[in-house]
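These notes concern the structure reproduced below.
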Amino acid sequence: MSHHRPAFLRIGAENKINLCLRLRLETNVEVKMSKLLAAESRSDFSSGFNQTLLSALFLLNLVSKFNSSLKYQLPQYSKKGSHDELKYSKKNLENLQEFFDSLQNDEKQKGTKMAVINTSKVNFQSQNNSKAISSNNKNASGSNNSNNNQSDGNEDRADLGTATANPSAGKPGRRTSKRPKPTKTPRMTTRKKVTTLTPSITTQSSSGLKPVDAVWILLCGIIIFTMQTGFGLLEGGIVSQKNETNIMLKNVADVVLGGFTYWAFGYGITFGTWYGSVSFFGLGFYFVDESYPLMGDVFTSFFFQLSFATTATTIVSGALAERTNFKAYCLFSLVATFTYSVQARWVWGPGGFLAELGAVDIAGSGCVHLVGGASAFVAAWMVGPRLGRFDTNTGPPPMGNHNNALVGLFLLWWGWIAFNAGSTYGITANKWQFAARAASTTMIASIGGGLVGMFWGFVKPGTKVFDAVAVINAVLGALVGITAGCAVMHSVEAFSTGVIGACVVLLAAYIPDLLKVDDPVGATAVHGFGGIWGLLAVGVFAEDDFGILGVTKGRYGLVRAGGWYLLGVQTLTAVCIASWAIVSTFVILFLINFIVPLRVSAHEELTGLDFSEHGIRRKQIGTSPAISLFGSNLEVAEIQHGIIGFTGQNNPGMFDTLKV
Numbered sequence: 115m116s117h118h119r120p121a122f123l124r125i126g127a128e129n130k131i132n133l134c135l136r137l138r139l140e141t142n143v144e145v146k147m148s149k150l151l152a153a154e155s156r157s158d159f160s161s162g163f164n165q166t167l168l169s170a171l172f173l174l175n176l177v178s179k180f181n182s183s184l185k186y187q188l189p190q191y192s193k194k195g196s197h198d199e200l201k202y203s204k205k206n207l208e209n210l211q212e213f214f215d216s217l218q219n220d221e222k223q224k225g226t227k228m229a230v231i232n233t234s235k236v237n238f239q240s241q242n243n244s245k246a247i248s249s250n251n252k253n254a255s256g257s258n259n260s261n262n263n264q265s266d267g268n269e270d271r272a273d274l275g276t277a278t279a280n281p282s283a284g285k286p287g288r289r290t291s292k293r294p295k296p297t298k299t300p301r302m303t304t305r306k307k308v309t310t311l312t313p314s315i316t317t318q319s320s321s322g323l324k325p326v327d328a329v330w331i332l333l334c335g336i337i338i339f340t341m342q343t344g345f346g347l348l349e350g351g352i353v354s355q356k357n358e359t360n361i362m363l364k365n366v367a368d369v370v371l372g373g374f375t376y377w378a379f380g381y382g383i384t385f386g387t388w389y390g391s392v393s394f395f396g397l398g399f400y401f402v403d404e405s406y407p408l409m410g411d412v413f414t415s416f417f418f419q420l421s422f423a424t425t426a427t428t429i430v431s432g433a434l435a436e437r438t439n440f441k442a443y444c445l446f447s448l449v450a451t452f453t454y455s456v457q458a459r460w461v462w463g464p465g466g467f468l469a470e471l472g473a474v475d476i477a478g479s480g481c482v483h484l485v486g487g488a489s490a491f492v493a494a495w496m497v498g499p500r501l502g503r504f505d506t507n508t509g510p511p512p513m514g515n516h517n518n519a520l521v522g523l524f525l526l527w528w529g530w531i532a533f534n535a536g537s538t539y540g541i542t543a544n545k546w547q548f549a550a551r552a553a554s555t556t557m558i559a560s561i562g563g564g565l566v567g568m569f570w571g572f573v574k575p576g577t578k579v580f581d582a583v584a585v586i587n588a589v590l591g592a593l594v595g596i597t598a599g600c601a602v603m604h605s606v607e608a609f610s611t612g613v614i615g616a617c618v619v620l621l622a623a624y625i626p627d628l629l630k631v632d633d634p635v636g637a638t639a640v641h642g643f644g645g646i647w648g649l650l651a652v653g654v655f656a657e658d659d660f661g662i663l664g665v666t667k668g669r670y671g672l673v674r675a676g677g678w679y680l681l682g683v684q685t686l687t688a689v690c691i692a693s694w695a696i697v698s699t700f701v702i703l704f705l706i707n708f709i710v711p712l713r714v715s716a717h718e719e720l721t722g723l724d725f726s727e728h729g730i731r732r733k734q735i736g737t738s739p740a741i742s743l744f745g746s747n748l749e750v751a752e753i754q755h756g757i758i759g760f761t762g763q764n765n766p767g768m769f770d771t772l773k774v
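Here it is, written out as structure tokens:
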């Protein structure tokens, strides 16, 4: 997801020439092209191609074309800054003679107002005839697809009319005796607003988006947004029924509150380029807004990145289920954007220090899932376990609704395809091939993970059943694992990544239990350890993207004889992201606890957060049956208020003092 300068389609001879062109359009769009190239010497000019007249036409963005009556279109400059180099379309090499004739006629018109545009230097290479030029352009267009997209492959070539090289311009060593008769200049009209070639606002687009790319990105972003429904159903199905509504409202808070802060400053931290921006932290793009003609690029990028940011925050909500103060969680949703945005700058932002080292995280195994999983572990540890979670007599609380959890899995599965395929950030310039691969490898990896989950219940000691929770976590672990390298892995490698990812997640699920950390939905194992494996898998299996996506930068994974460098960079990336998430989340929750207690009282937890936080009454759910389920003393009448999670040395999660 890297900046680069626009490329040229080089035509003509190696020597440089002076060329001064003037062009007038009927609707007050007037241009004078002066001194495109400076001749190094007159002798070089003569010896190279004997004063052969060659030219270059300007290129416009393809986002909004002129109407069909406009024959020649002009480059426009962005208010964010002009391009030093303008790309030239190979289509502009058809009808060069007519173009020069029209310029000559326009020159004779009196009272014409001219505006000067200084364009960049273009290297001209000589061709013997128009067929050679046409053939060379075909080869150049093929090579541009790989070379010009070294950063992200999103090069734009606009249709600007038609013009070809003059076949009668003369051969080397001979001077043409006559200039062709000028033809009548066609009447040209333009629209007042012209789409421009805009500078990059993210590392994913360096020269403006094509409409088809924007549609693809927006569509994927819409599908990714539906993953919030999947998270809500999955988490609501795993927790008890008395807390289902509370879980759903937490997901709403993630989008509303987290989305607000991401719009206000989060996007700017990741992609800001104002003065003072560094590789660790960006400035600018506060309260994201833009107007025509730049708004397409800006809002497409913002919308897509917003779906990623809210997903990272939602991961934490499951780890805090059933005992967290809703007010405290709302404050956390507001400021958790800071945790996500800073580390995303390191990997995806312009000049990010991990990106400069060559870190590869195409769709966010690290930037989204690892940061969410690491934050979830810290949050679950600070809030403490649910009442009775580690009681050896009662065991963990039962799931509320297995069917809802499985439906949530399918919605996440569906959204994950767009999550990974959309991260190619376009489908033009051969990106569609990598998008297709990303979608396919995502499914293949999840199939491998699902196979592990289906039979995990028979492998795990003490059980001989198909464990629904194991299947859910195995599939999700495989999806998290393939996310970082979805577009740069082959099918067999994707399958292996999914199988290994599922095993890692299912084994890592025991770690929080050993540490007495209550993670109801397994976010630590699925997103935390799954995200670590996803980053490392790139260092093992990745192949080069041939410059089309601009992420691997010519590097290969370990099994592809790429050496240890990429694996080392991926390891460093995992360490940096996890460390930042752990430290920042601890500081944020520590400060929030001074404002609003992180945890609800014991009687609120036992009656259910749907009732205590949202006033929703549910049948057969009250204090007495809850105490009967979790309390060892059935004669208790009232639970003494105290701090949950930091007491109960013999039985973590239970109150030490019970008032009868």
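Numbers 115 to 774, taken from this note's numbering, label the letters of the sequence shown in order.
In this text, a Cβ means the ideal position worked out from N, Cα and C, and glycines have one as well.
Among residues of its own chain, excluding the 5 on either side of Phe-418, which ones have a beta-carbon nearer than 6 Å to its beta-carbon? Ile-331 and Gly-335
Short Cβ contact (8 Å threshold) for Val-689 with Ile-541: no
When Ser-393, Ile-614 and Phe-725 are compared against Gly-595, the one with the closest alpha-carbon: Ile-614
Are there 16 or more other CB atoms within 10 angstroms of the CB of Met-603, so buried, or fewer, so exposed? buried
Return the chain-ordered list of same chain residues with a C-beta closer than 8 Å to the C-beta of Thr-340, the five sequence neighbours on each side being excluded. Leu-525, Trp-528 and Gly-529
Short check: CB of Gly-653 to CB of Leu-680, under 8 Å? yes
For Thr-538, name the three-state secondary structure that DSSP assigns. helix
Are the region 429–445 and the region 348–357 touching by the rule of at least three beta carbon pairs closer than 8 Å? yes
Name, in chain order, the residues that DSSP records as bridge partners for Arg-713. Thr-438
Quick check on Val-177: does DSSP put it in helix, strand or coil? Low local confidence applies: a pLDDT of 33 at Val-177 is under 50, so the model's placement there is unreliable, with the coordinate-based value given in what follows. Correct three-state label for Val-177: coil.
Spatial distance of Ala-639 from Val-485 (CA atoms): 12 Å
Quick one: Cα of Asn-587 to Cα of Ala-616, how far? 7 Å
So, using beta-carbon positions, are Ala-519 and Leu-663 closer together than 8 Å? no
Assigned secondary structure, Glu-607 (DSSP; H/G/I helix, E/B strand, else coil): helix
Here's the rule I'm using: 16 or more other beta-carbon atoms within 10 Å means buried, otherwise exposed. How should Trp-678 be labelled? exposed
Between Val-456 and Asp-475, is the Cβ-Cβ spacing less than 8 Å? no
Which of helix, strand or coil DSSP assigns to Cys-600: coil
Sorted by chain position, which residues of the same chain lie with C-beta nearer than 6 Å to Gly-386's C-beta, five sequence neighbours on each side aside? Gly-396, Leu-397, Gly-398 and Phe-399
Please list, in chain order, all residues of the same chain as Asn-357 whose beta carbon is under 7 Å from its beta carbon, the five residues on each side excluded. Ala-435, Glu-436, Gly-722, Leu-723 and Asp-724
N-terminal and C-terminal residue of the alpha helix (DSSP H) that Arg-551 is part of: 545–573
Does DSSP put Thr-666 in a helix, a strand or coil? coil
Are Gly-380 and Tyr-443 close, meaning C-beta to C-beta below 8 Å? no
With a threshold of 6 Å on Cβ separation, who are the neighbours of Phe-609 within its own chain once the five nearest residues in sequence on each side are excluded? Ile-558 and Gly-562
When the Cα atoms are used, what is the spatial distance from Gly-390 to Ala-553? 38 Å
Cutoff 7 Å; reference Thr-555; Cβ partners in own chain excluding five residues on either side: Ile-596, Cys-600, Met-603, Ser-605 and Ala-608
Mind checking whether Gly-478 and Phe-548 have CB atoms under 8 Å apart? no
Any contact between the region 693–703 and the region 488–496? By contact I mean 3 or more CB pairs, one from each, below 8 Å. yes
Drop a sphere of 10 angstroms on the beta-carbon of Thr-359, count the other beta-carbons inside from all chains shown, and report buried for 16 or more, exposed for fewer. buried
Could you give the distance in angstroms between the alpha-carbon of Ala-637 and the alpha-carbon of Leu-448? 20 Å
Could you check whether Phe-446 and Ile-702 sit closer than 8 Å to each other, using their CB atoms as the reference points? yes
Just the Cα atoms here: how many angstroms apart are Leu-408 and Val-366? 30 Å
Starting from Thr-341, trace the alpha helix (DSSP H) in both directions and tell me its first and last residue. The sequence given here has Met at residue 341, not Thr. It spans 341–352 - the alpha helix (DSSP H) in which Met-341 sits, taken as one unbroken run.
Neighbourhood of Cys-481 by C-beta distance below 6 Å, restricted to the same chain and skipping five residues each side: Ala-458, Val-461 and Asp-475
Other residues of its chain near Lys-364: CB distance less than 7 Å, five sequence neighbours each side excluded: Ser-431 and Tyr-443
Using C-beta distances below 8 Å, list every residue in its chain close to Leu-686, excluding the 5 sequence neighbours before and after it, in chain order. Leu-468, Leu-471 and Ala-473
Whole angstroms is fine: what's the gap from Gly-645's alpha carbon to Phe-416's? 24 Å
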